[in-house]
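Engineer:
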Amino acid sequence: SFSLCPQVSPCEKCRCEGSGEVLCSVSACPQTECVDPEYEPDQCCPICKTGPNCYADTQVIPAGREVKIDECTICYCTYEEGTWQIEHQATCSKNDCQVS
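Counting in my numbering, the sequence shown tops out at residue 102, every number present.
Listed below in structure tokens is the structure:
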């Protein structure tokens, strides 16, 4: 029965052959669409709890909308929905602003 097969890690799927041989395959993790993925116990791949995001300087900002990181700077994570590809650094533009 399958229950006798040792599960080495959450990433490995093992099955025992009738001959007593154990065949294992390791699942590859997809690239995450965030810069702060977290590992959960019993989960093979890290997950993005807060959704797609990227870095604007040292700050992590959510993807898909413009974020004002200071008086003069608006940043945006370039994220293509459905492709799971994200630029890790935001694209930022400076406004002409007077900092008092």
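Beta carbons are placed, not taken as given, at the ideal position from N, Cα and C, and that holds for glycine.
In this text the structure is predicted, and so the values were computed from the model without any measurement.
1. With 16 other CB atoms within 10 Å as the buried threshold, where does CYS77 fall?
2. Can you tell me where the beta strand (DSSP E) holding ILE76 begins and where it ends?
3. Please state if the CB of CYS13 and the CB of CYS46 are separated by a distance shorter than 9 Å.
4. Quick check: the Cα distance between PRO43 and CYS99, rounded to an integer number of angstroms?
5. Expressed to the nearest angstrom, what Euclidean distance is found between the alpha-carbon atoms of PRO48 and ALA58?
Structural biologist: Here's the rundown:
1. buried
2. 75-78
3. yes
4. 47 Å
5. 22 Å
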